[in-house]
Amino acid sequence: MTDRFSDRLREFLATCEGRTVSYKYIRDEMRLDPNSPAWDGLREQMRVFVQKQVVKPSGLGDGVFKVLFPISPVNWWEDVNIDPIADFRFPRNYNEDQQSFGIEDCVEIFPGDMILISGRSNYGKTCMALSLMGENLPLMYAVLMGSEYTASNGKISPKFKRRMRRMDWVNWVTDEGKPRFDLMPVGADYEDYIKPDCLNVVDWISLNGEYYLIDRVMKSIKDRVGHGVAVVVIQKNKDAEFGEGGERTERYADVHLRIDAFGESESLLTIGKVKSPKGRASGRTWAFGVTDYGANFIDIREVVKCRTCWGKGWKKMGATSIPCPVCYKKGYVDKVIE
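full-length UniProt numbering applies: residue 1 is where the sequence shown begins, and numbers increase by one.
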């Protein structure tokens, strides 16, 4: 009788994993007879299940338990690929000069990594995200999600179609005419549509002011990407170090790329957090322009802080300050290649 009830109780608790249950709830749902041995035996059986880590008591002595998800040890002793993704490419321009950011020379990207792009509106976030996707379509199938890529009728937006056409260096389809990425009309719950082992591009995460949720969303995306790579875009306010959601936005990122305004018509890319640098990576900066109505990069060059104003854009002159005559208030100058 006891063993049979133990089995029945275990089967019932399996339907409640991740939830809380109480003695009353269990007795009601299992329709236990108050005169049966199971009615009083429930308490003893739950104590056994606490020891077996099937349930966890609330700690308040109120007969409430959380039903735990079953966990098995990770098989860590078998071969696991720990090598970086070979030939993972970062954006460049495809004009005659073929300028490149060269980020692949200072960071390594591994299967399961997340690349975070945070930046102000209209300064190149989408160009960066789509260029990352375009550069790496030969390596892995991609998934692109974001409400601005599709129209209200569920079809591709004309604006995105034009952008794809202007990115003429990308082969969007295979030689057999099959698409090399899925376009998903997703504007929320992005983590639910991640495709494992693919390049997943989320442009951009909108939480409608509930920025405290960014932790959960970012972790869920990273947990589900498998051996693929996640590229996540978020908005960033002017002069802010982190995107909307604060420092926690960077918590699960393996590489953080920050984009800000640079002068009147260009952008500034700064490498933030890097988990696997090849050399000096964090803090390096590049200036660039965006052309073809936001489709392609131009004039990519590495820049360093101006030594005249030390990155402030203004130079002390007596009791006042004047615009820096070297960097013209930008705070940065082109790096001299020796």
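All C-beta atoms in this analysis are idealised placements derived from N, C-alpha and C, irrespective of residue type, glycine included.
In the DSSP annotation of this structure, the continuous segment of the beta strand (DSSP E) that includes I234 starts and ends at 229-235. DSSP, read as helix, strand or coil, puts T320 in strand. A straight-line Cα-Cα distance of about 10 Å links N208 and A188. Look at E302 here: in three-state DSSP terms it is strand. Minimum Cα-Cα distance from A281 among the listed residues A287, N296, V255, R301 corresponds to V255. As the crow flies, the alpha-carbon of I221 is around 35 Å from that of E29. Shortest Cα-Cα distance from V290 to any of E264, G279, Y141, R216 involves E264. For A129, the closest alpha carbon among the candidates F160, D105, Q99, K238 is that of F160.
In the DSSP assignment, N136 falls within the alpha helix (DSSP H) that extends over 125-136. Here DSSP, grouped into helix, strand and coil, assigns V50 to helix. Looking at the backbone, the Cα of N95 and that of K219 are separated by about 38 Å. The criterion of a C-beta distance shorter than 7 Å is satisfied by A287 and V303. Just measuring C-alpha positions, the residue of P325, G279, P323, R301 sitting nearest V336 is R301. Proximity of the segment 242-259 to the segment 166-184 falls short of the contact definition, fewer than three beta-carbon pairs being nearer than 8 Å.
DSSP, reduced to helix, strand and coil, places Y332 within a strand of the structure shown.
It is roughly 43 Å from the alpha-carbon of N237 to the alpha-carbon of S72. The way I'd put it, the segment 132-143 doesn't touch the segment 308-328; fewer than three beta-carbon pairs between them come closer than 8 Å. Bounds of any alpha helix (DSSP H) do not take in M145; it lies within the beta strand (DSSP E) bounded by 142-145.
Three or more beta-carbon pairs separated by less than 8 Å link the segment 190-208 to the segment 226-241, which places the two stretches in contact.
Assigned with DSSP and collapsed to three states, W39 falls in helix. Distance from F297 to S131 at the Cβ level is roughly 7 Å; contact confirmed, criterion being Cβ atoms closer than 8 Å. Boundaries of the alpha helix (DSSP H) around M164: 158-166. Beta-carbon to beta-carbon, R163 and A295 are separated by about 5 Å, close enough to satisfy the 8 Å threshold. Excluding five sequence positions before and after D113, the CB atoms of its chain that fall closer than 6 Å to its own CB belong to V229, D254, given in chain order.
Residue range 20-22 is occupied by the beta strand (DSSP E) that includes S22. Burial check for A14: the Cβ neighbour count within 10 Å stays below 16, so the residue is exposed.
A straight-line Cα-Cα distance of about 16 Å links V67 and E44. Per DSSP, the beta-bridge partners of A261 are S267. The three-state reading of DSSP puts D182 in strand, counting E and B together. By the CB criterion at 7 Å, D292 and R92 fall outside the cutoff.
Distance from Y332 to K305 at the Cβ level is roughly 6 Å; contact confirmed, criterion being Cβ atoms closer than 8 Å. Rounded to whole angstroms, the gap between the alpha carbons of R19 and S36 is 26 Å. Y123 places its beta carbon less than 7 Å from that of S267.
In this structure R120 is buried. Its beta-carbon is surrounded by 16 or more other beta-carbon atoms within 10 angstroms.
Per DSSP, the continuous alpha helix (DSSP H) segment holding V217 begins and ends at 214-224.
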